[in-house]
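Undergrad: One structure follows; several queries about it will come next.
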Amino acid sequence: MSKRPWWRRPAAERRMNCLQVARVLQSYLDGETNEVTTRRVAAHLEDCRRCGLEASVYQEIHDALARRAEPESRAVERLRAFGASLLSDPQIGDGDAEHGTTPPSGA
Numbered sequence: 013m014s015k016r017p018w019w020r021r022p023a024a025e026r027r028m029n030c031l032q033v034a035r036v037l038q039s040y041l042d043g044e045t046n047e048v049t050t051r052r053v054a055a056h057l058e059d060c061r062r063c064g065l066e067a068s069v070y071q072e073i074h075d076a077l078a079r080r081a082e083p084e085s086r087a088v089e090r091l092r093a094f095g096a097s098l099l100s101d102p103q104i105g106d107g108d109a110e111h112g113t114t115p116p117s118g119a
């Protein structure tokens, strides 16, 4: 990766933070993101345990809905906790910070 400031790097080289991933995660899981965003989200999910776990929860809920089954209540609660933590955690913003938080309880 280049030594240029993050804002001058091509989009494909920029790292995504947790909030940025949260904003596009559902579209990513539904296959609706472009190639660059897909690569950036995938790279973040590989590096960030918290977001990787949330992606698996989203996928579990998606799969349950596709089967028209009731999603696991634990998965729904974790999803709610994750959303609340994104709203209440000032360390996860639109800046260049990466993973400044701990996973929600039960992770």
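Quick note on numbering: the sequence shown equals residues 13 to 119 in this note's numbering. Where a beta carbon is used, it is the ideal one built from N, C-alpha and C, also for glycine.
Is the distance from the Cβ of R52 to the Cβ of R27 below 9 Å?
TA: yes
Undergrad: Can you give the Cα-Cα distance for T99 and A78, rounded to whole angstroms?
TA: Sequence inspection shows Leu at residue 99; the Thr mentioned does not correspond to that position. Approximately 28 Å, taken between the alpha carbons.
Undergrad: Let me know the secondary structure DSSP gives A81 once reduced to three states.
TA: coil
Undergrad: What number of angstroms, rounded off, separates the C-alpha of A67 from the C-alpha of L31?
TA: Answer to the nearest angstrom: the Cα atoms are 13 Å apart.
Undergrad: Only counting the same chain, and skipping five residues up and downstream in sequence, which positions put a Cβ closer than 8 Å to that of G64?
TA: L57, E58
Undergrad: Measuring only the C-alpha atoms, how far is I73 from N29?
TA: 23 Å
Undergrad: What is the DSSP secondary structure of E89, counted as helix, strand or coil?
TA: helix
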